[in-house]
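Okay, structure first, notes after.
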Amino acid sequence: MARVEQLLEQEPGTLARVLGYTVIKQVSDGRVFNITEAINAEPRLGPREKALLLSMYRELLRQAKSGDDAAARAKD
34 MARVEQLLEQ
44 EPGTLARVLG
54 YTVIKQVSDG
64 RVFNITEAIN
74 AEPRLGPREK
84 ALLLSMYREL
94 LRQAKSGDDA
104 AARAKD
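Numbering (my numbering), first residue to last: 34 to 109.
Okay, structure coming up:
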């Protein structure tokens with residue numbers, strides 16, 4: 034994600050935030066790590082643990098979006 038932002042000459046984290054990812058760290062060279070990148074980069078986790086965490090994170094994002102959509106409909 035950070036490389037794409039760099040190629041598009043966007044500020045670090047711009048695309049990640051638009052896609053719903055939380056930017057959790059920007060390192061000195063300008064790269065930005067989001068939660069999915071942090072999970073995938075964690076050497077202490079195996080493939081199964083990474084898949085589980087990523088699945089849980091995506092489900093939480095989906096639930097949050099559904100809650101936002103329901104709140105918006107209730108306002109109408």
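All C-beta atoms in this analysis are idealised placements derived from N, C-alpha and C, irrespective of residue type, glycine included.
Cβ neighbours of residue i in the same chain (closer than 8 angstroms, five flanking residues each side left out)
i, result
"Leu94", "Gly53"
"Glu38", "Glu44, Pro45, Gly46, Thr47, Leu48, Ala49, Val65"
Three-state secondary structure assigned by DSSP to residue i
i, result
"Leu78", "coil"
"Gln96", "helix"
"Gln43", "coil"
Whole-number beta carbon distance between residue j and residue i, since they are thought to touch under 8 angstroms
i, j, result
"Leu48", "Ile72", "Between Ile72 and Leu48 the Cβ distance is about 18 angstroms, and since that is not below 8 angstroms, they are no contact."
Cβ-based neighbour list, residue i, same chain, cut-off 7 angstroms, excluding 5 preceding and 5 following
i, result
"Lys83", "Ile72, Asn73"
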